[in-house]
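Colleague: Right, I'll just put the structure down here and ask away after.
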Ligand SMILES: Cc1cc2nc3c(=O)[nH]c(=O)nc-3n(C[C@H](O)[C@H](O)[C@H](O)COP(=O)(O)OP(=O)(O)OC[C@H]3O[C@@H](n4cnc5c(N)ncnc54)[C@H](O)[C@@H]3O)c2cc1C
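Residue numbers (this note's numbering): 252 to 671.
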């Protein structure tokens with residue numbers, strides 16, 4: 252459970268830490284990192300701009316790259332119990348006809364499952380042992396390790412010094428500017444979509460997608476229900492979810508009861524969460540005044556279902572490497588983390604961008620060509636680069652050890668020795 256805690260209390264708790272860490276943003280990446288560091292004996296200060304916990308409760312499907320984070324946190328069983336494996340994935344034609352079904356379980360079996368879980372349930376699992384956070388607080392300036400905390404309306408709250416400041420404030424990050432990254436490189440698709448929940452009509456292990464002519468419909472199982480995503484070009488969404496859902500229904504021949512119920516759920520939701528389908532990538536994660544993590548460093552398009560997975564993996568890698576860091580070696584350990592993790596995240600992001608080129612195209616001819624490709628292209632081929640990442644996770648302990656040794660070989664500080 253996230254526990255609202257005064258900032259002064261969080262600062263007091265970390266006074267004697269070997270590394271004083273500040274995490275700005277209590278989303279998936281920030282919470283994962285905070286909890287892993289806590290488990291390693293640190294007391295990271297965690298703040299979030301939201302006045303209270305009010306995250307949109309959408310669905311997430313997580314690749315097995317995340318599992319070790321839950322193992323390290325001692326909540327892997329809870330994580331598996333709170334989700335449900337998305338064992339199969341079905342792809343339908345733009346008119347609704349089933350074109351192919353692939354087994355995700357077979358594809359990933361050596362590594363684990365593609366686990367469907369709601370965002371709320373995930374945060375509950377991550378914070379099962381308690382997680383202090385100060386809401387209604389952000390950081391608007393950092394100078395020489397000192398962060399200036401402000402309320403969301405800009406009213407100054409206080410200042411404090413840290414050894415490491417982490418911007419984990421999501422895809423529309425303000426910490427990019429605060430920490431010195433500047434504007435990200437972004438793909439703007441001009442599409443958005445609504446997210447809603449539907450009752451699961453009897454196939455809890457099946458995810459389905461329909462890439463239409465000017466719309467996209469996906470359903471993804473979580474425990475006991477289906478997460479629904481219905482999107483299209485921004486101009487086509489202007490009349491609201493019910494009108495758009497109606498127009499989608501008119502453009503397909505066969506949806507079946509499950510997808511029909513999904514479209515109806517979007518139409519019936521008075522205020523479904525609207526997701527803008529853009530991404531973002533900054534060229535460097537380790538910046539003059541701190542570090543970016545998760546969507547703030549690389550925010551994803553939804554095409555490969557991997558953004559949260561990579562955010563959790565990056566947080567886990569960083570936490571494991573920080574186990575071996577103190578102030579003397581911190582800079583080199585952070586550089587080594589970025590060298591190991593950024594290429595992996597960017598490869599996954601490039602895979603999502605490649606799929607987006609197939610998805611966000613309009614026209615019947617395009618839809619027909621896409622279907623011809625997808626009929627031949629298995630999920631294994633479509634997600635090839637991501638599957639390579641799942642199969643080849645680097646060893647953060649070895650990378651951190653190497654970074655430490657390199658620092659000490661270059662300039663051994665008094666009282667330290669390189670590990671052999
Ligand atoms: C509808 C939907 C479906 C998705 N499906 C999948 C999926 O199936 N699989 C998958 O792997 N990924 C999926 N993703 C992507 C995934 O949710 C993100 O990649 C993931 O949440 C990134 O985590 P994060 O911590 O970086 O950012 P977030 O989880 O967005 O957290 C950012 C946090 O920062 C806070 N914040 C924002 N601005 C400030 C500020 N200035 N100061 C302080 N705090 C601030 C926010 O309140 C929030 O708590 C989906 C995303 C959406 C929207």
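Here a beta-carbon is modelled for each residue, glycine too, at the ideal position from N, C-alpha and C.
Go ahead and pull the three-state DSSP assignment for residue 330.
Modeller: The answer is helix: DSSP assigns residue 330 an H, G or I state.
Colleague: Counting Cβ pairs closer than 8 Å, one from the segment 540-547 and one from the segment 558-565, do we hit at least three?
Modeller: Here the segment 540-547 lies against the segment 558-565, with 3 or more beta-carbon pairs under 8 Å apart.
Colleague: Please identify the residue among 264, 634, 446, 278 whose C-alpha is closest to the C-alpha of residue 555.
Modeller: 634
Colleague: Note down, in chain order, each residue of its chain lying with its Cβ closer than 6 Å to the Cβ of residue 658, except the 5 sequence neighbours on either side.
Modeller: Excluding residues within five positions, the ones whose Cβ falls inside 6 Å are 580, 583.
Colleague: Is the segment 385-396 in contact with the segment 292-303, if contact means three or more CB pairs nearer than 8 Å?
Modeller: yes
Colleague: Measure the alpha-carbon distance for residue 669 versus residue 566 and round it to whole angstroms.
Modeller: Confidence at residue 669 is low in this model, with a pLDDT of 49, below 50, so the placement of that residue should be treated as unreliable; the coordinate-derived value is given next. When rounded, the distance between both Cα atoms is 25 Å.
Colleague: Could you tell me which residues DSSP pairs with residue 279 in its beta bridges?
Modeller: Its beta-bridge partners do not exist; DSSP assigns none.
Colleague: Are there 16 or more other CB atoms within 10 angstroms of the CB of residue 361, so buried, or fewer, so exposed?
Modeller: exposed
Colleague: To test your reading of the DSSP string, which unbroken beta strand (DSSP E) runs of 3 or more residues are found completely within the segment 483-543?
Modeller: 524-529, 541-543
Colleague: Specify, as a first and last residue, the run of the beta strand (DSSP E) that residue 368 falls within.
Modeller: 366-369
Colleague: Which residues in the same chain as residue 468 place their Cβ atom closer than 6 Å to its Cβ, once the five residues preceding and following it in sequence are excluded?
Modeller: Correct list, in chain order: 461, 481.
Colleague: In chain order, what residues of the same chain lie with their CB nearer than 7 Å to the CB of residue 517, ignoring the 5 residues before and after it?
Modeller: 445, 447, 479, 481, 492, 496, 523
Colleague: Any idea if residue 350 is buried or exposed, counting beta-carbon neighbours within 10 angstroms, 16 or more meaning buried?
Modeller: Residue 350 comes out exposed.
Colleague: On the DSSP letters alone, give me the boundaries of the beta strand (DSSP E) that residue 468 sits inside.
Modeller: 467-473
Colleague: Between which residues of its own chain and residue 207 is the CB-CB distance below 6 Å, once the five residues before and five after are set aside?
Modeller: Absent from the structure is residue 207, since the part of the chain shown begins at 252 and ends at 671.
Colleague: Which class does residue 262 belong to by DSSP, given the choice of helix, strand or coil?
Modeller: Helix at residue 262.
Colleague: Please classify residue 646: does DSSP put it in a helix, a strand, or coil?
Modeller: Coil.
Colleague: As a quick exercise: from 511, 642, 412, pick the residue whose alpha carbon is nearest that of residue 263.
Modeller: 412
Colleague: For the beta strand (DSSP E) containing residue 594, list its first residue and its last residue.
Modeller: Going by DSSP, residue 594 is part of no beta strand (DSSP E) but of the alpha helix (DSSP H) stretching over 581-610.
Colleague: Keeping to the same chain, check which residues put their C-beta closer than 6 Å to that of residue 540; ignore five residues upstream and five downstream.
Modeller: 393, 430, 431
Colleague: For residue 403, which beta-bridge partners are listed by DSSP?
Modeller: None, per the DSSP bridge assignment.
Colleague: Would you tell me roughly how many angstroms separate the C-alpha atoms of residue 489 and residue 526, rounded to the nearest one?
Modeller: 14 Å
Colleague: In the DSSP assignment, what residue or residues form a beta bridge with residue 310?
Modeller: 369
Colleague: Is the beta carbon of residue 421 within less than 7 Å of some heavy atom of ligand 1?
Modeller: yes
Colleague: Identify which residue in 402, 533, 298, 292 has its Cα closest to the Cα of residue 267.
Modeller: 292
Colleague: Are the CB atoms of residue 458 and residue 337 within a distance shorter than 8 Å?
Modeller: Yes; because the gap between Cβ atoms is below 8 Å, this pair is in contact.
Colleague: Tell me whether the beta-carbon of residue 599 lies closer than 8 Å to the beta-carbon of residue 553.
Modeller: no
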